[in-house]
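Count along the sequence shown from 1, then add 55; that gives the number in our numbering. Inspection log for the structure reproduced underneath, given as structure tokens.
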Amino acid sequence: MKDYFYRIGINTSVQFVSKLCTAVLGFLGVGLLTRYLGQIGFGNFTLIFVYLSFFGIIADSGLQLTMSRDIAKGKHLPEKIYGTFFWLKIILIFISIVLAFISLAFLPYSPLVKRGIFVASVGVGLGFFNSFGTTILQANLRLDLVALIDLLAKAVTVAFVFIFVLMQKNFYYILNTILIGNFAALILTIFLLNKIKKIKLSFDLNLAKKISVKALPVAAISALALLYFKIDTLILSIIRGIKEVGIYGLAYKVVENLLLVWGFYMATIYPLLAKLANNKKIKETVGLWKISLTISIILSLLVSILAFVFAPLLIKILGGQDFASSVMPLRILLCSLPLFFVNNLFYHSFLLEEKTKLILKAIGTSLIFNIIINLIFIPKYGYIAASVSTVITEVYLSIIYFINRYKIKSLTG
56 MKDYFYRIGI
66 NTSVQFVSKL
76 CTAVLGFLGV
86 GLLTRYLGQI
96 GFGNFTLIFV
106 YLSFFGIIAD
116 SGLQLTMSRD
126 IAKGKHLPEK
136 IYGTFFWLKI
146 ILIFISIVLA
156 FISLAFLPYS
166 PLVKRGIFVA
176 SVGVGLGFFN
186 SFGTTILQAN
196 LRLDLVALID
206 LLAKAVTVAF
216 VFIFVLMQKN
226 FYYILNTILI
236 GNFAALILTI
246 FLLNKIKKIK
256 LSFDLNLAKK
266 ISVKALPVAA
276 ISALALLYFK
286 IDTLILSIIR
296 GIKEVGIYGL
306 AYKVVENLLL
316 VWGFYMATIY
326 PLLAKLANNK
336 KIKETVGLWK
346 ISLTISIILS
356 LLVSILAFVF
366 APLLIKILGG
376 QDFASSVMPL
386 RILLCSLPLF
396 FVNNLFYHSF
406 LLEEKTKLIL
416 KAIGTSLIFN
426 IIINLIFIPK
436 YGYIAASVST
446 VITEVYLSII
456 YFINRYKIKS
466 LTG
């Protein structure tokens, strides 16, 4: 057990430094974008990547978490699983981008946004593909390398945002900074994978079918979860317009950056929890989960309080005076941060136990609840309604998870 905690400590320490740098770069990038693009331009930028993120559901199809869990448990022959995983990713990314283009014909977006989606799709698709390498690294408990890859992608992206802003380049150049950053990350990922594991890119159709079937419940969960987190932005864009998307988008971007550290902590312990549970070490599994719960509560409360107090300063630094309206939605969204942390831990524990029906019901009903609230209140209250509905829905989801977690009582798998 000490060895597990030692590995968590090493991974988390390296990730903390890397993710701190990544978060700082993320905030710097947001500051450059908001000032250069303005409310409407930043709203268009936000909408383009929110739209494409929905098709990331297809590009992933539950493979990342499924593969991370199964490789960590030692299931399947590694050579077969890696090669099959590789080709599945290629096929799914192609399908997702084609569907993203086709769906544009049915949406009332401006020509600028539609052209922007075409431009950004290549960079986003490359980002989807990078998850092939990071999944393998994660399963092998090399989260330090995953953090390094993310840091490089962010650093290169922000550097080119800065260069293009100085050169006064147009909106489409700014969108392509994602492509440049993800390409740099891809080169590093290939280099690191070759150092750790020689992968044979052979495709096993039968194994592909088994993996796909097994990943389907996780894919359904991922689809609902993404809709749950992003549907308010889409509703806001259609009902209230791009300007409000920009105001809300900045507030949400701050919260997303604050969630980075917790996301990487969970990525660190998830393979370890899988190993412990697979080896029937129930006491150690429950112990690690309880420690993580304590960390999630303390860390999220500390971050939320500090960010709430300094919200006006944060918005002034990141967006300037033009985005002063983002302070209120940011403060409202920060009230949901502790719930985000705890709910994410519950989610991973149920996923580990393969209780996908429970997760689907929880997130599915929460999504319906969220959509109803947004459709009722966004037409009148705009981004404030979107912010409040996020908090209320997280409370609702927390109650469902809490009740079911303590009905089950232990992480038995």
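Just so it is clear, CB atoms sit at the ideal spot from N, CA and C, and this is done for glycine as well. Values in this document were obtained by computation on a predicted structure and should not be read as measured data.
Item, Value
"C-beta atoms of V201 and T212 nearer than 9 Å", "no"
"Close beta carbons around I293, own chain, < 6 Å, minus the five adjacent residues each side", "none"
"Burial state of T244 (16 or more Cβ within 10 Å)", "buried"
"Complete beta strand (DSSP E) runs within the segment 73 to 110 (minimum length 3 residues, chain order)", "none"
"Alpha helix (DSSP H) segment containing M383, residue limits", "382 to 389"
"Collapsed DSSP secondary structure at I254 in the structure displayed", "coil"
"As assigned by DSSP and simplified to three states, the class of M222", "coil"
"Among F183, V309, L282, nearest to A358 - alpha-carbon criterion", "Per the sequence presented here, residue 358 reads as Val, with Ala not at that position. Per the Cα distances, V309."
"Collapsed DSSP secondary structure at E408 in the structure displayed", "coil"
"Closest by C-alpha distance to K250, when choosing among R197, N399, Q376", "R197"
"Same chain, Cβ closer than 6 Å to I242, five either side skipped, listed in chain order", "none"
"Beta carbon of V397 nearer than 9 Å to that of S442", "no"
"Residue from L230, T89, K209 whose Cα sits closest to the Cα of K371", "T89"
"The segment 401 to 419 / the segment 272 to 287 touching (three or more Cβ pairs under 8 Å)", "yes"
"Candidates Y91, I433, L368: closest to N225 by CA position", "Y91"
"Euclidean distance between Cα positions of A366 and L385", "7 Å"
"Assigned secondary structure, K336 (DSSP; H/G/I helix, E/B strand, else coil)", "coil"
"Spatial distance of T467 from I337 (CA atoms)", "Unreliable placement is indicated for T467, whose pLDDT of 47 sits below 50; the coordinate value is still reported in the next sentence. In a straight line, the C-alpha of T467 is about 6 Å away from that of I337."
"Rounded Cβ spacing between I286 and N425 (contact assumed at less than 8 Å)", "7 Å"
"Unbroken alpha helix (DSSP H) run spanning F284, endpoints", "260 to 294"
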